[in-house]
Amino acid sequence: MHQLKLKSLIIATLNKGKLKEITNLFSSLPFEIKSLSDYSQIGSISETGKTFLENARIKAQTVHEKLSGYVLADDSGLSCDDLEGAPGVDSAYFAGPKATDDENNQMLLKKMSEIHDPSRRARYVCVLVLITPDGQKHVVEETCEGMITFTPSGSHGFGYDPYFFLPEKNCTMADLSLKVKNTLSHRGKALKKMAEILNKLMS
């Protein structure tokens, strides 16, 4: 008996942290999960949008035009009230085009230290855009509210997680296991909604 060939779900990212979270939450879906690491011909995608939604659409559309299959793009980041929404769409490049997570975090702390009596309120934002093989588009957006702490904690996660404090858990996002993080994070909540959409499309 031949094994049924799974349909491809191409995640429009090179970010290993994002890919790990997505693969974990989509493990029960009838798809073969792939990323841009599997398609060197795509190259880098210029994220020229001014919002998370615009960037997610750009990434999804760019990949969909070059590859067949289901394409899912994520654009997400940190938005701080004290910094008028920054770093926002520049979250991955806050300290420069080739900045590391540590460099971005240090830039965040520097900017926050320049604010007199900061509220420290912040949120993670995630926008997902799915394009089906026939061109249908589905959009999901979720957030996770928290605060910026000036002392890092935790060794899990990536990005700003060591400084993103969750008052209801009394810990940072980086203190949480991936399983727990996926139950309350911006991306975890968005991916659960997108998984429901994918299940309906396949039924």
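Here the sequence shown is numbered in our numbering, starting from 5 and rising by one per residue.
Glycine residues also receive a C-beta, built at the ideal position from the N, C-alpha and C atoms.
Sub-8 Å separation of residue i and residue j beta-carbons
{"i": "Thr136", "j": "Tyr97", "result": "no"}
{"i": "Ala126", "j": "Cys84", "result": "yes"}
{"i": "Ser189", "j": "Tyr128", "result": "yes"}
{"i": "Ile15", "j": "Leu195", "result": "no"}
Residue i versus residue j - alpha carbon distance
{"i": "His6", "j": "Lys20", "result": "At His6, the pLDDT of 39 sits below 50, so the modelled position is not reliable; the number obtained from the coordinates is stated separately. Computed Cα separation, rounded: 32 Å."}
{"i": "Lys11", "j": "Thr17", "result": "18 Å"}
{"i": "Asp86", "j": "Glu118", "result": "10 Å"}
{"i": "Met151", "j": "Asp165", "result": "11 Å"}
{"i": "His142", "j": "Val133", "result": "6 Å"}
{"i": "Gly81", "j": "Glu146", "result": "11 Å"}
{"i": "Thr187", "j": "Thr66", "result": "30 Å"}
{"i": "Glu172", "j": "Gln45", "result": "44 Å"}
{"i": "Thr55", "j": "Ser32", "result": "31 Å"}
{"i": "Leu13", "j": "Phe35", "result": "6 Å"}
{"i": "Leu8", "j": "Glu107", "result": "Annotation note: pLDDT 47 at Leu8 (below 50); position unreliable, coordinate value reported separately. Cα to Cα, the separation comes out at about 46 Å."}
Given residue i as reference, the closest of the options once Cα atoms are compared
{"i": "Glu69", "options": "Lys54, Gly163, Ile49, Phe56", "result": "Ile49"}
{"i": "Ile37", "options": "Ser44, Gln45, Lys24, Ile46", "result": "Lys24"}
{"i": "Val52", "options": "Lys185, Ile62, Ser44, Tyr43", "result": "Checking the sequence shown, residue 52 turns out to be Thr, not Val. The residue with the shortest Cα to Cα distance from Thr52 is Ile62."}
{"i": "Leu205", "options": "Gly47, Gly139, Leu71", "result": "Gly139"}
{"i": "Met116", "options": "Thr153, Ser157, Asp42, Lys197", "result": "Thr153"}
{"i": "Asn59", "options": "Lys197, Ser95, Ser41", "result": "Ser95"}
{"i": "Cys130", "options": "Pro122, Cys148, Leu113, Arg124", "result": "Cys148"}
Beta-carbon separation (whole angstroms), residue i vs residue j, contact threshold 8 Å
{"i": "Gly192", "j": "Asp105", "result": "About 19 Å; that fails the 8 Å criterion."}
{"i": "Asn28", "j": "Leu182", "result": "6 Å"}
{"i": "Lys185", "j": "Gly161", "result": "6 Å"}
Unbroken alpha helix (DSSP H) runs of length 4 or more, entirely within the stretch 138–194: which are they? Those alpha helix (DSSP H) runs which fall completely within the stretch 138–194 and span 4+ residues are 182–188.
**Q.** Complete alpha helix (DSSP H) runs within the stretch 78–139 (minimum length 4 residues, chain order)
**A.** Taking 4 residues as the shortest admissible run, the stretch 78–139 contains the following complete alpha helix (DSSP H) segments, listed from N- to C-terminal end: 105–117.
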